[in-house]
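**Q**
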Amino acid sequence: MPAIWTRRCLLQRVAPLGVAGLLGGCGFHPVYMPTASGGPGPAARNMAAIEIGIIPDRPGQLLRQALEERLGSNPGASAPRYKLAVGYSIAGEGIAVTSNSTATRVRMTARANWTLTSFNPPHAVVTRGLTRATASMNVFDQQYFAADLETEQEQRVLAGEVADRIAEQLAVFFRRRAGMS
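Heads up: take any position in the sequence shown, counting from 1, add 131, and you land on my numbering.
(1) Measure the CB-CB distance between A302 and A174 and report whether it falls below 8 angstroms.
(2) DSSP state of T233, grouped into three classes?
(3) For P190, count neighbouring Cβ atoms within 10 angstroms of its own Cβ and tell me buried if that reaches 16, exposed if not.
(4) Where does the unbroken beta strand (DSSP E) through R259 begin, and where does it stop?
(5) Could you pull out every residue in the same chain whose Cβ sits closer than 8 angstroms to the Cβ of A229, ignoring the five residues on either side in sequence?
(6) In the DSSP assignment, find the unbroken beta strand (DSSP E) run with A216 in it and report its ends.
(7) Would you kindly check if the distance between the Cβ of V217 and the Cβ of G184 is under 8 angstroms?
(8) CB-CB under 7 angstroms to M132, same chain, minus the five flanking residues each way: which ones, in chain order?
(9) By the three-class DSSP mapping on this structure, what secondary structure does I183 have?
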């Protein structure tokens, strides 16, 4: 049975290999690339050694849980080398307003100002950053329970986006610090 090499077949099978070869030739290395022995790379090792400080209020709890998932933090597994302190806030702004000044749609903006410090030397700032994310939601005027559920869901979405961005920034920092830009 002869193989028919159509343009689509080439794009699906051969093109990814070519792109991988080109990226490798320009010095590109995946951030989460494991070591040659198959162990976790510098970014994953350092991110797992981060202790995440308490972030107040319910949105802060959601962000802390999301950060623990993304960073691979395992409290009690080994002695942490870093501490991540996060200042987190969510602000709402009415973007769809009726003639009687009632908002029917709200834009929520999450802002996280974070600082990574080391335990040795104590309290030495390693890196810091600022991350933002936005989401919007409908406001239900007659359904308090639905509005409460919608708010909780949007807070989860924002926490996930902010945690993704913080994890990306930390991974890139640790990768560069290891000398593998």
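Where is the CB? At the ideal position from N, CA and C, for every residue including glycine.
**A** So, from the listed chains and residues:
(1) The sequence position of residue 302 within the sequence shown is 171, counting from 1. The sequence position of residue 174 within the sequence shown is 43, counting from 1. Closer than 8 angstroms, so yes.
(2) As a working note, residue 233 is residue 102 in the sequence shown. DSSP places T233 in coil when its eight states are reduced to three.
(3) Residue 190 sits at position 59 when you count from the first residue of the sequence shown. The residue is buried, with at least 16 neighbouring Cβ atoms inside 10 Å.
(4) Taking the sequence shown and counting its residues from 1, one reaches residue 259 at position 128. Start and end: A255 to N269.
(5) What you label residue 229 is simply residue 98 of the sequence shown in a count that begins at 1. Checking the sequence shown, residue 229 turns out to be Thr, not Ala. Closer than 8 angstroms at Cβ, skipping near neighbours: T235.
(6) Mapped onto the sequence shown, residue 216 falls at position 85. Run containing A216: Y213 to V228, per the beta strand (DSSP E) assignment.
(7) Residue mapping note: residue 184 aligns to position 53 of the sequence shown, counting from 1. Residue mapping note: residue 217 aligns to position 86 of the sequence shown, counting from 1. Yes, they are a contact pair.
(8) Residue 132 sits at position 1 when you count from the first residue of the sequence shown. Note that M132 scores 44 on pLDDT, short of 50, meaning its location in the model is unreliable and no value can be drawn from it.
(9) Here residue 183 is taken as the residue at index 52 of the sequence shown, counted from 1. Three-state result, I183: strand.
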